[in-house]
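Participant: First the structure, then my questions, so here it is.
Protein chains: 2
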Amino acid sequence: MAFRDNVAGAYRVVQDEICAALAQADGKGVFEEELWEREGGGGGRTRVMQLGDVIEKGGVNFSAVHGVLPEAVKKAFKVDSAHFFATGVSIVMHPGNPFVPIIHMNIRYFELDGGACWFGGGIDLTPHYVIDTDARYFHHLLKETCDAFDLSFYPKFKANADDYFYIRHREETRGVGGIFYDRLKPDNTGLSLDHLLDFSVAVGNTFVPAYTELIDRNRDREFSERELEWQYLRRSRYAEFNLVYDAGTKFGLETNGRIESILMSLPPLAKWSYNPQVVPGSEEFNTLTKLKKGVDWV
Amino acid sequence: MAFRDNVAGAYRVVQDEICAALAQADGKGVFEEELWEREGGGGGRTRVMQLGDVIEKGGVNFSAVHGVLPEAVKKAFKVDSAHFFATGVSIVMHPGNPFVPIIHMNIRYFELDGGACWFGGGIDLTPHYVIDTDARYFHHLLKETCDAFDLSFYPKFKANADDYFYIRHREETRGVGGIFYDRLKPDNTGLSLDHLLDFSVAVGNTFVPAYTELIDRNRDREFSERELEWQYLRRSRYAEFNLVYDAGTKFGLETNGRIESILMSLPPLAKWSYNPQVVPGSEEFNTLTKLKKGVDWV
């Protein structure tokens with residue numbers, strides 16, 4: 000079996016396990032599955048939960064596609080290959096309770112004819128209200144996962160996430176970050192492809208313990224109209240990031256990807272009020288002071 | 000007085016008159032004004048109405064800025080000038096009643112050192128529900144305004160609007176279009192700068208009769224949760240267009256413009272549900288069939 004089939008197979012299992020764990024954690028919501036095929040080759044399994052007990056809207060998508068490399072991608076990747084293979088799992092969860100954070104995960108593998116191939120991905124957390132103990136718990140888990148492979152991974156990938164998940168026009172990070180990495184190969188990591196696959200799957204497997212714990216901690220916290228309004232505002236910032244900056248989203252829109260799967264990441268309900276103000280010293284204010292690069296959460 | 004001061008002066012009056020007429024039409028909402036100054040030179044008057052009787056959120060912004068041309072703009076305009084002057088009026092209105100359409104207008108004048116200068120702008124209509132008689136009324140008014148200056152304007156500028164206000168990844172137009180033009184100069188129109196200013200102001204003056212009529216026709220129409228849901232969905236498409244494609248928005252974000260004035264155009268409340276379906280033959284379905292380029296509304 001080709002290595003890429005190993006990767007796709009492992010990613011399918013990651014999708015299955017995450018969906019099972021999330022459905023159990025939610026207790027009410029179910030994932031609706033859509034199988035789709037890509038005209039140029041390959042396809043995917045989109046799984047979406049809406050109006051669950053915890054998850055207001057969330058998706059866990061698997062895809063494995065191949066074919067002729069679109070011109071836009073050749074340009075973006077600065078490569079000359081004719082064919083590509085790409086597989087990955089992508090997750091975004093928008094919870095209903097403003098104290099449960101939004102979470103995003105992606106693990107992916109890319110291959111070009113000629114033999115070039117690499118892994119990319121990451122997990123990051125976007126709390127509507129930053130809760131220090133939750134952010135620390137989240138980053139500790141990620142560090143543990145990274146440290147098992149290379150002690151240099153967490154600090155590098157944490158800094159990458161700070162840089163990547165940044166809403167430049169707001170001068171704020173999307174949330175409390177996490178890890179983000181791309182183009183991991185044997186020659187720039189010293190790890191074999193098999194080990195890199197292990198790392199990628201380990202990142203995938205960190206999702207469930209990370210998120211279910213944060214769900215458990217916060218799902219029953221009471222909230223009022225005020226916290227909901229703030230949640231809708233933070234969601235609008237999330238939508239801004241994804242539509243203006245996110246490379247995966249832009250890439251998908253430019254290459255005629257499956258629109259509903261790509262934009263599954265957008266929030267179920269978002270508000271843009273004009274020039275909203277926060278009261279100094281409030282929890283909302285406190286959150287804004289923490290949406291900065293370079294916060295050390297471990 | 001320099002010509003550009005004439006333009007800025009005329010645009011200020013356009014802003015004043017539109018605000019007065021809109022406040023009167025709304026009957027309840029008031030425009031809150033913020034004066035701002037641009038670090039590099041010039042400034043503006045941002046006027047926003049929120050939670051009016053008709054207007055849920057809307058802004059009428061005037062600005063006149065000048066200074067050193069940002070590198071990004073030099074590139075975009077393919078010019079080598081060091082200094083620029085720009086003035087304009089920008090409007091977006093998001094009404095509360097789903098039967099009242101969203102409207103957008105922009106008139107602008109741009110000048111570079113060395114003497115290059117031009118006018119740009121347009122008005123376009125984004126009904127949540129396309130009402131043929133309203134769309135025809137709107138386009139007739141625009142045609143009248145255009146025809147008074149040049150019979151070639153309306154057909155050209157109408158086609159421009161179809162092309163420009165297009166959500167490529169959805170394969171639908173943002174609404175029923177209108178007119179859109181750019182780089183109007185004496186040498187490509189045969190009109191003097193003074194006449195082009197007259198045209199620009201005439202476009203600005205078309206806003207009030209166009210929109211107040213559509214408000215009057217629809218403001219008291221009853222609606223239910225269903226129409227509201229559809230409105231929130233259409234607003235999410237509006238947000239997608241503005242954040243992904245709109246040149247003015249991108250330009251503003253890239254050149255560190257005043258964020259709240261730039262993103263004033265975003266809807267007060269928007270919904271992204273996953274893969275929404277419309278019932279064939281319904282009013283929502285009917286609207287989708289009309290969000291196409293090339294519909295002849297006159």
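Chains as they are written, first to last, in numbering that gives the first Met the number 0: chain A, 0 to 297; chain B, 0 to 297. Glycine residues also receive a C-beta, built at the ideal position from the N, C-alpha and C atoms.
Show which residues of chain B have a CB atom less than 9 Å away from the CB atom of Pro126 (chain A).
Facilitator: Taking the first sequence and counting its residues from 1, one reaches residue 126 (chain A) at position 127. Under the 9 Å cutoff, chain B gives no residues; its nearest Cβ is about 20 Å from Pro126 (chain A).
Participant: In chain A, which residues lie less than 9 Å from Val243 (chain B) when you measure between Cβ atoms?
Facilitator: Counting from one through the second sequence, the residue named residue 243 (chain B) turns up at place 244. What Val243 (chain B) touches in chain A: Leu242, Val243, Thr248, Lys249 and Leu252.
Participant: Residues of chain A with CB under 7 Å from Asn274 (chain B), in chain order?
Facilitator: Taking the second sequence and counting its residues from 1, one reaches residue 274 (chain B) at position 275. Residues of chain A passing the Cβ test: Glu259.
Participant: Can you tell me where the beta strand (DSSP E) with Ile106 (chain B) in it begins and where it stops?
Facilitator: Here residue 106 (chain B) is taken as the residue at index 107 of the second sequence, counted from 1. Taken as a continuous stretch (DSSP letters only), the beta strand (DSSP E) holding Ile106 (chain B) covers Ile101 to Leu111.
Participant: For a quick check, are the C-beta atoms of Val72 (chain A) and His82 (chain A) less than 8 Å apart?
Facilitator: Here residue 72 (chain A) refers to the residue found at position 73 of the first sequence. Here residue 82 (chain A) refers to the residue found at position 83 of the first sequence. For Val72 (chain A) and His82 (chain A), no; Cβs fall outside 8 Å.
Participant: Keeping to the same chain, check which residues put their C-beta closer than 6 Å to that of Ala7 (chain B); ignore five residues upstream and five downstream.
Facilitator: Residue numbering aside, residue 7 (chain B) sits at position 8 when the second sequence is read from its first letter. Here the set comprises Ala63 and Thr86.
Participant: Using a cut-off of 9 Å between C-beta atoms, extract the partners of Gln49 (chain A) located in chain B.
Facilitator: Sequence index remark: in the first sequence, residue 49 (chain A) carries index 50 (1-based). Ser272 and Tyr273, listed in chain order.
Participant: Does the beta carbon of Leu265 (chain A) sit closer than 8 Å to a beta carbon anywhere in chain B?
Facilitator: On the first sequence, position 266 is the one that residue 265 (chain A) refers to. Interface residue, yes.
Participant: Using a threshold of 8 Å, state whether the C-beta atoms of Asp297 (chain B) and Arg135 (chain B) are closer than that.
Facilitator: As a first step, residue 297 (chain B) is located in the second sequence; it is residue number 298 there, counting from the start. As a first step, residue 135 (chain B) is located in the second sequence; it is residue number 136 there, counting from the start. The sequence shown places Val at residue 297 (chain B), not Asp. Closer than 8 Å, so yes.
Participant: Going along chain A, which residues have a C-beta under 8 Å from Arg169 (chain B)?
Facilitator: As a working mapping, residue 169 (chain B) is identified with position 170 in the second sequence. Ile258, listed in chain order.
Participant: Taking the alpha-carbon positions, what's the Glu33 (chain B) to Arg257 (chain B) distance?
Facilitator: In the second sequence, the residue the question calls residue 33 (chain B) occupies position 34. In the second sequence, the residue the question calls residue 257 (chain B) occupies position 258. Going by the C-alpha atoms only, they are around 12 Å apart.
Participant: Using only alpha-carbon positions, find the residue among A:Gly293, A:Lys292 and A:Thr288 that is nearest to Ile130 (chain A).
Facilitator: Position 131 of the first sequence, counted from the start, is the residue given in the question as residue 130 (chain A). Among A:Gly293, A:Lys292 and A:Thr288, the Cα nearest to that of Ile130 (chain A) belongs to A:Thr288.
Participant: To the nearest angstrom, report how far apart Ala160 (chain B) and Cys18 (chain A) are at their CA atoms.
Facilitator: What you label residue 160 (chain B) is simply residue 161 of the second sequence in a count that begins at 1. What you label residue 18 (chain A) is simply residue 19 of the first sequence in a count that begins at 1. So the alpha carbons of these two residues sit roughly 44 Å apart.
Participant: Can you list, in chain order, the residues of its chain with a C-beta nearer than 6 Å to that of Ser20 (chain A)? Leave out the 5 residues immediately preceding and following it.
Facilitator: The residue given as residue 20 (chain A) occupies position 21 in the first sequence. Residue identity check: residue 20 (chain A) is Ala in the sequence provided, not Ser. Correct list, in chain order: Val207.
Participant: Please report the straight-line C-alpha distance between Ala246 (chain A) and His103 (chain A), rounded to a whole angstrom.
Facilitator: For the purposes of this step, residue 246 (chain A) is identified with residue 247 of the first sequence, where counting begins at 1. For the purposes of this step, residue 103 (chain A) is identified with residue 104 of the first sequence, where counting begins at 1. Rounded to the nearest angstrom, the two C-alpha atoms are 14 Å apart.
Participant: So what's Asp161 (chain A) in DSSP terms, helix, strand or just coil?
Facilitator: Taking the first sequence and counting its residues from 1, one reaches residue 161 (chain A) at position 162. Of the three classes helix, strand and coil, the one that applies to Asp161 (chain A) here is helix, per DSSP.
Participant: If you compare alpha carbons, which of A:Phe137, A:Arg216, A:Pro97 and A:Phe164 is closest to Phe222 (chain A)?
Facilitator: Within the first sequence, numbered from 1, the residue matching residue 222 (chain A) stands at position 223. Nearest C-alpha to Phe222 (chain A): A:Pro97.
Participant: Is the beta carbon of Pro267 (chain B) less than 8 Å from the beta carbon of Leu232 (chain B)?
Facilitator: Position 268 of the second sequence, counted from the first residue, corresponds to residue 267 (chain B). Position 233 of the second sequence, counted from the first residue, corresponds to residue 232 (chain B). Taking 8 Å as the Cβ cut-off, Pro267 (chain B) and Leu232 (chain B) do not qualify as a contacting pair.
Participant: Given that Leu262 (chain A) touches chain B, what residues does it touch there, using C-beta distances under 7 Å?
Facilitator: By one-based count along the first sequence, residue 262 (chain A) stands at place 263. Within 7 Å Cβ-Cβ: Trp271.
Participant: Exposed or buried, what is Met92 (chain A) when buried is set at 16 or more other beta-carbons lying within 10 Å of its beta-carbon?
Facilitator: Residue numbering aside, residue 92 (chain A) sits at position 93 when the first sequence is read from its first letter. Buried: at least 16 other Cβ atoms inside 10 Å.
Participant: Take Val200 (chain B) as the anchor and find which of B:Met263, B:Val175, B:Ser89 and B:Gly28 has the nearest alpha-carbon.
Facilitator: On the second sequence, residue 200 (chain B) is found 201 positions in, with the first residue counted as 1. Checked all of B:Met263, B:Val175, B:Ser89 and B:Gly28; the closest Cα to Val200 (chain B) is B:Ser89.
Participant: Suppose only complete runs of 3+ residues qualify. What are the beta strand (DSSP E) ranges in the segment 51-91 of chain B, listed by chain order?
Facilitator: Counting only runs of 3 or more, we get 54-67.
Participant: Residues in its own chain within less than 7 Å of Thr144 (chain B) by CB, not counting five upstream and five downstream?
Facilitator: Locating residue 144 (chain B) in the second sequence gives position 145, counting from the first residue. Ala201, Val202 and Thr205, listed in sequence order.
Participant: Roughly how far, in whole angstroms, is the beta-carbon of Tyr244 (chain A) from the beta-carbon of Ile101 (chain A), given that I think they are within contact range, below 8 Å?
Facilitator: Mapped onto the first sequence, residue 244 (chain A) falls at position 245. Mapped onto the first sequence, residue 101 (chain A) falls at position 102. Their Cβ separation, rounded to whole angstroms, is 16 Å, which puts Tyr244 (chain A) and Ile101 (chain A) out of contact at 8 Å.
Participant: The segment 55-77 of chain A: which residues have C-beta closer than 9 Å to a C-beta of chain B, in chain order?
Facilitator: For the segment 55-77 of chain A, which is checked against every Cβ of chain B, the residues closer than 9 Å are Lys56 and Gly58.
Participant: Between the Cα of Glu253 (chain A) and the Cα atoms of B:Arg3, B:Asp79, B:Glu170 and B:Gly177, which residue gives the shortest distance?
Facilitator: Locating residue 253 (chain A) in the first sequence gives position 254, counting from the first residue. Here the closest residue by C-alpha is B:Glu170.
Participant: Taking Cβ positions only, does Leu268 (chain A) come closer than 8 Å to chain B?
Facilitator: The residue you call residue 268 (chain A) lines up with position 269 of the first sequence. Yes, contact with chain B.
Participant: Please list, in chain order, the chain B residues whose beta carbon lies closer than 7 Å to that of Glu308 (chain A).
Facilitator: Residue 308 (chain A) lies beyond the range of chain A shown here (0 to 297); nothing can be said about it.
Participant: Between the C-alpha atoms of Phe84 (chain A) and Glu283 (chain A), what's the straight-line distance to the nearest angstrom?
Facilitator: The sequence position of residue 84 (chain A) within the first sequence is 85, counting from 1. The sequence position of residue 283 (chain A) within the first sequence is 284, counting from 1. Answer to the nearest angstrom: the Cα atoms are 43 Å apart.
Participant: In the DSSP assignment, what are the bridge partners of Ala269 (chain A)?
Facilitator: Along the first sequence, read from residue 1 onward, the residue named residue 269 (chain A) stands at position 270. Looking at the DSSP assignment, Ala269 (chain A) forms a beta bridge with B:Ala269.
Participant: Whole-angstrom Cβ separation of Phe250 (chain A) and Phe164 (chain A), contact assumed at under 8 Å?
Facilitator: Stepping through the first sequence from its first residue, residue 250 (chain A) is reached at position 251. Stepping through the first sequence from its first residue, residue 164 (chain A) is reached at position 165. Contact flag wrong, Cβ pair sits at about 16 Å.
Participant: Is the distance from the Cβ of Gly57 (chain A) to the Cβ of Met48 (chain A) below 8 Å?
Facilitator: Translated into the one-based positions of the first sequence, residue 57 (chain A) becomes position 58. Translated into the one-based positions of the first sequence, residue 48 (chain A) becomes position 49. Yes, Cβ-Cβ distance for Gly57 (chain A) and Met48 (chain A) is below 8 Å.
Participant: Any idea which residues DSSP pairs Asp123 (chain B) with across the strands?
Facilitator: Here residue 123 (chain B) is taken as the residue at index 124 of the second sequence, counted from 1. Paired residues: B:His103 and B:Gly177.
Participant: What did DSSP end up calling Pro279 (chain B) once you bin it into helix, strand or coil?
Facilitator: To locate residue 279 (chain B), count along the second sequence from 1; it is residue 280. Note: Pro279 (chain B) maps to coil in three-state DSSP.
Participant: Starting from the C-beta of Val278 (chain A), find all residues in its chain whose C-beta is less than 8 Å away, skip the five residues before and the five after it, and write them out in chain order.
Facilitator: Here residue 278 (chain A) refers to the residue found at position 279 when the first sequence is read from its first residue. Excluding residues within five positions, the ones whose Cβ falls inside 8 Å are Phe284.
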